[in-house]
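Read through the structure below, which is laid out as structure tokens, and then see the notes.
2 protein chains.
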Amino acid sequence: MMKCSKCNSPDGVQRAGFIRGRQRYFCKLCDYHFIDQKLPRTPERRSHQTTISDVAKVLGVAPSTVSRALNGHADINTNTRQAILEVARQLDYQPNLLAQSLKSSATHTIGVVIPDIERPFFATCVSGIQQVASEAGYRVMICQSKESYEMEVSNVQALIASRVDGLLICHSRETENFDHVRPAATRGVPVVHFDRVCDEVETAKVILDDWNGAYNVTEHLIEQGARRIAILAGPESLLISRNRLAGYLSALTKHRLPALPELRTHINFRPESAVAALDRWLALPEPPDAIFAINYTNAFDLLVALKERQVRVPEEIAVVGFGDEFMAAMIEPGLTTVNLHPHRIGQQAARLFLEQVEQKERFQPRTFVVSGDLIIRKSSLKGLGGVFSLDI
Amino acid sequence: MMKCSKCNSPDGVQRAGFIRGRQRYFCKLCDYHFIDQKLPRTPERRSHQTTISDVAKVLGVAPSTVSRALNGHADINTNTRQAILEVARQLDYQPNLLAQSLKSSATHTIGVVIPDIERPFFATCVSGIQQVASEAGYRVMICQSKESYEMEVSNVQALIASRVDGLLICHSRETENFDHVRPAATRGVPVVHFDRVCDEVETAKVILDDWNGAYNVTEHLIEQGARRIAILAGPESLLISRNRLAGYLSALTKHRLPALPELRTHINFRPESAVAALDRWLALPEPPDAIFAINYTNAFDLLVALKERQVRVPEEIAVVGFGDEFMAAMIEPGLTTVNLHPHRIGQQAARLFLEQVEQKERFQPRTFVVSGDLIIRKSSLKGLGGVFSLDI
DNA sequence: AAAAATACCGCAAACGTTTCCGAAAACGGT
DNA sequence: ACCGTTTTCGGAAACGTTTGCGGTATTTTT
Chain H
1 MMKCSKCNSP DGVQRAGFIR GRQRYFCKLC DYHFIDQKLP RTPERRSHQT TISDVAKVLG
61 VAPSTVSRAL NGHADINTNT RQAILEVARQ LDYQPNLLAQ SLKSSATHTI GVVIPDIERP
121 FFATCVSGIQ QVASEAGYRV MICQSKESYE MEVSNVQALI ASRVDGLLIC HSRETENFDH
181 VRPAATRGVP VVHFDRVCDE VETAKVILDD WNGAYNVTEH LIEQGARRIA ILAGPESLLI
241 SRNRLAGYLS ALTKHRLPAL PELRTHINFR PESAVAALDR WLALPEPPDA IFAINYTNAF
301 DLLVALKERQ VRVPEEIAVV GFGDEFMAAM IEPGLTTVNL HPHRIGQQAA RLFLEQVEQK
361 ERFQPRTFVV SGDLIIRKSS LKGLGGVFSL DI
Chain L
1 MMKCSKCNSP DGVQRAGFIR GRQRYFCKLC DYHFIDQKLP RTPERRSHQT TISDVAKVLG
61 VAPSTVSRAL NGHADINTNT RQAILEVARQ LDYQPNLLAQ SLKSSATHTI GVVIPDIERP
121 FFATCVSGIQ QVASEAGYRV MICQSKESYE MEVSNVQALI ASRVDGLLIC HSRETENFDH
181 VRPAATRGVP VVHFDRVCDE VETAKVILDD WNGAYNVTEH LIEQGARRIA ILAGPESLLI
241 SRNRLAGYLS ALTKHRLPAL PELRTHINFR PESAVAALDR WLALPEPPDA IFAINYTNAF
301 DLLVALKERQ VRVPEEIAVV GFGDEFMAAM IEPGLTTVNL HPHRIGQQAA RLFLEQVEQK
361 ERFQPRTFVV SGDLIIRKSS LKGLGGVFSL DI
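Shown next, in the form of structure tokens:
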């Protein structure tokens with residue numbers, strides 16, 4: 001018969017049902033329930049990681065002493081500290097960051113949400129973020145929304161649940177509701193917006209200087225002798241679209257050129273729409289002599305389509321884009337664009353986060369503007385077309 | 001006088017030095033040390049997150065009951081469970097993943113180390129990894145080695161310290177020692193290599209089919225009528241370089257073409273070296289009629305240099321690259337390349353990790369080969385040059 | 001009616017740190 | 001010898017979960 005695991009005798013032991021598939025017993029003498037075979041408390045821990053307690057045990061000191069020694073606390077004797085450091089080195093002790101994070105509720109991790117890592121602009125932003133972050137001892141967790149509002153929200157929630165120390169986000173194109181980045185939703189986790197920002201929530205922001213970039217690029221076209229400058233703008237709802245349009249219009253006004261409505265088209269950035277707009281312009285009695293595409297991929301679409309249609313660039317029509325990528329220099333003719341410095345944008349976003357961590361409640365949300373540089377290549381050099389050598 | 005905080009009387013209380021800047025007292029009657037003003041144990045917790053205990057307290061049940069209810073355990077009464085779920089919803093309870101991870105020693109995070117996120121190939125790999133990972137409920141932590149061995153090692157260590165569940169790595173160009181990815185160093189964390197793998201450590205690997213890709217692209221050139229096919233190879237030490245060279249040589253042999261030593265150049269992928277090699281070839285009494293650049297950026301360098309030198313592509317010299325990127329389709333003439341499917345590579349690497357997690361010790365490391373597809377564009381269509389329309 | 005089984009839930013020990021508080025010993029000045 | 005001081009260290013609680021096992025009430029079976 002079964003022996004009571006307390007009094008160690010079989011007297012008074014009776015069965016008492018099953019629990020989780022195992023037979024249970026009851027000792028009347030001891031008034032004690034028990035199971036036939038207990039599991040060992042720690043079943044041969046797989047790949048044991050050295051802990052503070054292990055170090056402490058070797059030296060016969062308390063875990064708290066080891067912790068203090070490792071963290072450079074003052075209250076520890078120099079000899080003790082040396083001994084502890086030595087043992088820790090020998091045992092290859094590595095602090096468990098999870099435990100540290102749980103205790104301190106700081107993960108030293110920042111979450112980044114971007115629409116698409118495959119787009120060079122965002123990849124470069126991430127690179128900038130990561131550089132600043134890793135220099136400050138932060139790790140980076142990256143999520144892609146793939147331009148979907150739902151994915152964006154779920155990414156934000158996942159990052160918050162992972163207890164990131166901060167959230168750097170560039171909204172998806174679909175996003176119109178921003179409740180998921182409000183302090184209530186992020187549980188007070190600092191949020192920094194970059195590139196596609198939103199006004200509804202008071203956060204630190206990094207934006208690029210759309211207005212000035214568009215102004216400069218338009219002015220450049222005018223200086224090249226263009227008088228009928230078309231603009232291939234994006235959706236009117238988009239802030240970047242509005243700002244770039246405004247810069248373009250200001251440059252026209254400044255140089256006393258009329259803003260012709262037939263030379264302004266809003267598209268959704270799709271290649272087909274860009275080509276369709278081009279064909280409408282080419283069919284005009286007086287086609288444009290320059291086109292400003294506010295999206296860099298559309299500028300490429302135009303270059304290709306113009307070549308197919310045997311229109312000489314820049315002599316007949318100059319083309320400028322917005323956003324300088326590797327390709328802009330490689331294509332023939334080289335594309336004149338504004339370098340948006342995505343690396344700087346990322347760096348700055350990360351710096352704003354660090355600032356916020358340091359200043360805590362004292363931090364005043366502010367907006368940092370990263371200005372672009374005009375990069376002149378062949379596609380816009382009407383006057384001097386062909387004279388310049390390839391700019392690679 | 002100071003009152004003893006135990007017997008609450010000033011009798012027998014005497015000062016007993018300072019500790020951490022604060023006056024200490026000693027009550028002789030109680031044999032008890034104390035400080036003048038104790039800190040409250042929990043000084044108004046900032047932004048309190050709802051915990052299991054909070055939910056438990058509301059309902060007057062034990063935290064363990066709440067835990068079981070939320071995790072769908074069997075031992076909970078339906079009414080109790082409903083009530084707990086309801087309260088958890090009301091209090092917006094979100095489990096603390098840090099605590100869960102600490103307990104289960106599983107973070108549901110995988111670490112990825114790549115040379116450079118700004119390179120489209122790697123960005124796309126990451127995208128593939130992330131898609132598979134997030135579908136399986138894993139988060140992704142990304143590090144860049146920037147082609148530096150030291151950074152790679154420190155990235156690996158940081159990820160291991162963060163207790164990632166797995167490590168997906170593409171080595172830097174500098175890396176020749178692989179101790180940092182050995183099981184001892186990664187503390188048993190599963191490692192999956194992709195793209196740039198190493199033979200020294202027994203891990204799951206995902207590689208691209210360099211040999212076949214090179215073979216196919218070379219054969220394609222031969223079919224187009226090329227007979228003097230030059231190869232712009234990479235450093236001989238690189239595995240990809242050797243494999244692609246071997247594929248190229250096999251295609252030549254298969255078609256009974258001689259492998260001419262003067263048409264083979266090993267470079268370090270630098271644009272200047274590519275152009276220098278080209279100029280040497282053009283100076284030959286009998287220049288090549290096709291060039292296979294095993295690196296896609298070098299293929300672009302060649303196209304640009306050939307245009308500068310007024311050499312017609314593909315009529316005089318055909319050019320093919322390796323690795324299909326956005327640009328290959330955009331440039332004029334379109335570049336014939338092998339699509340390496342970086343997205344699939346990433347997906348497969350993530351899948352191998354998931355497999356390893358599932359099978360645990362039973363997992364047999366295996367190597368998965370992702371084969372490339374030949375993408376034919378204008379730059380190699382010698383026979384039919386100009387007939388095809390732009391492939392965008 | 002006693003024994004056995006079931007259903008449900010609580011206690012407490014972990015996971016690995018950090019840190020508040022107090023103890024003990026050593027020290028120094030009357 | 002006494003008292004105040006300093007130095008150094010240990011105990012234990014806490015961070016928020018999960019989970020093995022035991023207790024109790026209720027139901028079912030002999």
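As they're listed, the protein sequences go chains H and L.
Position 109 (the first sequence) corresponds to 109 in full-length UniProt numbering; numbering is contiguous.
Position 339 (the second sequence) corresponds to 339 in full-length UniProt numbering; numbering is contiguous.
Here a beta-carbon is modelled for each residue, glycine too, at the ideal position from N, C-alpha and C.
Here the structure is a predicted model, which is why all the values come from computation and not from measurement.
The segment 353-367 of chain H makes contact with the segment 195-205 of chain H: 3 or more CB pairs, one atom from each, lie closer than 8 Å. Residues of chain L whose Cβ lies closer than 7 Å to the Cβ of residue 142/H are, in chain order, 140 and 142. In this structure, the CA atom of residue 67/H is about 58 Å from the CA atom of residue 336/H.
Residue environment analysis places residue 144/H among the buried positions, since at least 16 neighbouring C-beta atoms fall within 10 angstroms of its C-beta. For the pair residue 280/H and residue 304/H, the Cα-to-Cα distance works out to about 16 Å. A straight line joining the alpha-carbon of residue 30/H with that of residue 15/H spans about 14 Å. Under DSSP, residue 111/L takes part in a beta bridge, and its partners are 141/L and 167/L.
If you draw a 10 Å sphere on the C-beta of residue 373/L, you find fewer than 16 other C-beta atoms in it, and that means exposed. Distance from the Cα of residue 334/L is smallest, within the candidate group 93/L, 382/L and 276/L, for 382/L. For residue 82/L, there are no neighbours in chain H by C-beta distance under 7 Å, as the nearest C-beta there is about 23 Å away. Judged by their CB atoms, residue 175/H and residue 200/H are not nearer to each other than the 8 Å cut-off. Contact note: residue 300/H reaches chain L through 330, using a C-beta cutoff of 8 Å and chain order.
Interface flag for residue 98/H against chain L is set, since a Cβ pair is found closer than 8 Å. By a beta-carbon distance limit of 8 Å, residue 168/H does not contact residue 117/H. Their separation comes to about 13 Å. Under the three-state reduction of DSSP output, residue 32/H falls in the strand class.
Residue 373/H carries a strand assignment under DSSP once its states are collapsed to helix, strand and coil.
Under the 8 Å Cβ criterion, the segment 315-326 of chain L does not count as touching the segment 89-109 of chain L, having fewer than three qualifying pairs.
Contact holds between the segment 235-250 of chain L and the segment 212-219 of chain L, because three or more Cβ pairs, one in each stretch, are under 8 Å apart. The Cβ of residue 118/L sits closer than 8 Å to at least one Cβ of chain H. Chain-ordered, the chain H residues with CB closer than 8 Å to the CB of residue 163/L read 96, 97 and 98. Residue 27/L has 13/L and 32/L as its beta-bridge partners, per DSSP. Residues of the segment 195-227 of chain L with a C-beta atom less than 9 Å from some C-beta of chain H do not occur. Per DSSP, reduced to three states, the secondary structure at residue 264/L is strand. Here residue 111/H is buried, its C-beta having at least 16 other C-beta atoms within 10 Å.
CA-CA distance, residue 18/H to residue 10/H, rounds to 19 Å. In this structure, the beta-carbon distance from residue 265/H to residue 232/H falls below 8 Å. Counted as a single uninterrupted DSSP element, the beta strand (DSSP E) harbouring residue 339/L occupies residues 337-339. Between the segment 180-191 of chain L and the segment 135-144 of chain L there are fewer than three inter-stretch CB-CB distances shorter than 8 Å, so the stretches are not counted as touching. The continuous beta strand (DSSP E) containing residue 232/L extends over residues 229-233. In this structure residue 376/H is not in contact with residue 288/H, their Cβ atoms being roughly 19 Å apart against a cut-off of 8 Å. The UniProt domain "HTH lacI-type" (50-104) of chain L is shown to contain whole alpha helix (DSSP H) runs of 4 or more residues at 52-59, 63-70, 78-90 and 97-104, in chain order.
For the pair residue 182/L and residue 115/L, the CB atoms are not nearer than the 8 Å cut-off. Scanning chain L for C-beta atoms nearer than 8 Å to the C-beta of residue 49/H yields 187, reported in chain order. Under the three-state reduction of DSSP, residue 207/H is assigned to strand. Within the same chain, no Cβ atom closer than 8 Å to the Cβ of residue 270/H is found once the five residues on either side in sequence are excluded. Between the segment 91-98 of chain H and the segment 48-61 of chain H, the count of Cβ pairs shorter than 8 Å is three or higher; the stretches touch.
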